[in-house]
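Numbering (the working numbering), first residue to last: 528 to 910.
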């Protein structure tokens, strides 16, 4: 056994041999000292592109597992481009199945903003279009034509009724006929006082007259339907004129994303089909239950919102998500509800993303112990 002197018990460092002034000048160490095999395994695992492969890291507390994997994952993420944005939108063909729309990173928030501006513009342009002199003039012309044709039919009805010895009374409840006796219309109470023979004669004439009335009423219904159709076509024309250029600009802007242009085409068609929501938006609420109609109109407009489910607008690389509380809802998202008039309801705007959605195209890091403790999370994640 040799006795060691004090100068042999430590290594003396000559500071003049170091090429830095302070430790702040040194790049942080990536990795863990003395864990070369682990570092190689992490690097290899992160480069595996095949689906179904994951990394599991274990080791004693304080060995730098978290900082090591964080450094490697962030470095790997920098080598990838930012993944797509994802949005949910109203499905006009199947309202119970929202549309999932994939867009380039950053385009999701742009679409959401554009749709908000579109609806705001429609709420201005549509009422303005329907207050124009041109619309009122053409609508009045259609109504006047209908009234003229209807009045001709009703005059014809009165003449035919007079030939049969009846007068005609037209009210909101319908058309009523009364026999004329001694130049006066006979009401029901007086009719009962007539002789049976006279009653039969009046009834026979009334039955014949009723057939003619039915045919004339059918004509009135036909011209009334034609007038409604003409007004509907006019409103559609005015609506398309008011919003066509607004939708056209958006369709041109997103022409390289077919699913968005298809959605915008559906928006245009739906706005025209529900034009009353926009025409009467500023009218005061006169309902018995305050706020009920206002709430209904707001919900009608909510269908044109965009639910920005995943937003990668603020990143240039793949996402790295550390979920410290891996509950089922935190990982897989949730569908929220709201109470209204004692009932719970939901829609596509209340679909919320989870960590697994936000990490799509990148990396999700979980603490294994926390994951196994979270009810349902581990079983769901394995699927």
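Glycine residues also receive a C-beta, built at the ideal position from the N, C-alpha and C atoms.
- Annotation: the segment 628–676 contains the following complete segments of the alpha helix (DSSP H) (minimum length 4 residues), in chain order: 634–657.
- Apart from the 5 residues on each side of it in sequence, residue 773 sits with its Cβ closer than 8 Å to the Cβ of 645, 648, 649 and 652 in its chain, given in chain order.
- In its chain, beyond the 5 residues on either side, 696 have a beta carbon closer than 7 Å to the beta carbon of residue 703.
- A buried status is given to residue 904, since no fewer than 16 other beta-carbon atoms sit within 10 Å of its beta-carbon.
- Under DSSP, residue 835 takes part in a beta bridge, and its partners are 614.
- With contacts defined as CB atoms closer than 8 Å, residue 625 and residue 634 fail to qualify as a contacting pair.
- Secondary structure remark: continuous beta strand (DSSP E) runs of at least 3 residues inside the segment 725–792: none found.
- Taking C-beta atoms as the reference points, residue 828 and residue 804 count as a pair closer than 8 Å.
- Rounded to whole angstroms, the gap between the alpha carbons of residue 742 and residue 681 is 12 Å.
- Three or more Cβ pairs closer than 8 Å define a contact, and the segment 747–767 falls short of that threshold against the segment 596–603.
- Within the DSSP secondary-structure output, residue 850 pairs in a beta bridge with 893.
- Residue 881: not part of any beta strand (DSSP E); DSSP gives it neither H nor E.
- Boundaries of the alpha helix (DSSP H) harbouring residue 592: 592–605, taken from the DSSP string.
- A direct Cα-to-Cα measurement between residue 765 and residue 778 gives close to 20 Å.
- For residue 802, the CB contacts under 7 Å within the same chain, skipping 5 residues up- and downstream, are 653, 762 and 766 in chain order.
- In the three-state reduction of the DSSP assignment, residue 580 falls in the coil class, being assigned neither a helical nor a strand state.
- With contacts defined as CB atoms closer than 8 Å, residue 902 and residue 853 fail to qualify as a contacting pair.
- Residue 889 holds the alpha-carbon nearest to the alpha-carbon of residue 847 among 889, 572 and 788.
- In this structure the segment 667–677 lies against the segment 744–752, because at least three pairs of beta carbons, one per stretch, are closer than 8 Å.
- Following the DSSP letters along the chain, one finds residue 571 inside the alpha helix (DSSP H) bounded by residues 563–574.
- For residue 775, the closest C-alpha among the options 567, 540, 641 and 535 is that of 641.
- The three-state secondary structure of residue 859, taken from DSSP, is helix.
- When the beta-carbon positions are compared, residue 611 and residue 587 stay at least 8 Å from each other.
- Under the three-state reduction of DSSP, residue 679 is assigned to helix.
- Residue 859 places its beta carbon less than 8 Å from that of residue 883.
- In the structure shown, the three-state DSSP call for residue 547 is coil.
- Annotation for residue 607: 844, 845, 888 and 889 place their beta carbon closer than 8 Å to its own, counting only its chain and skipping 5 residues before and after.
- Contact between residue 784 and residue 614 is ruled out by a C-beta separation of about 11 Å, above the 8 Å threshold.
- Excluding five sequence positions before and after residue 838, the CB atoms of its chain that fall closer than 8 Å to its own CB belong to 612, 635 and 636, given in chain order.
- Nearest to residue 705 by alpha-carbon distance, out of 724, 732, 683 and 679, is 732.
- A Cβ-Cβ distance of about 34 Å is found for the pair residue 656 and residue 836, leaving them out of contact under the 8 Å criterion.
- For residue 530, there is no enclosing alpha helix (DSSP H), as DSSP marks it with neither H nor E.
- Closest in alpha carbon position to residue 893, among 639, 553, 857 and 865, is 857.
- Burial check for residue 787: the Cβ neighbour count within 10 Å reaches 16 or more, so the residue is buried.
- Apart from the 5 residues on each side of it in sequence, residue 662 sits with its Cβ closer than 8 Å to the Cβ of 656, 761 and 765 in its chain, given in chain order.
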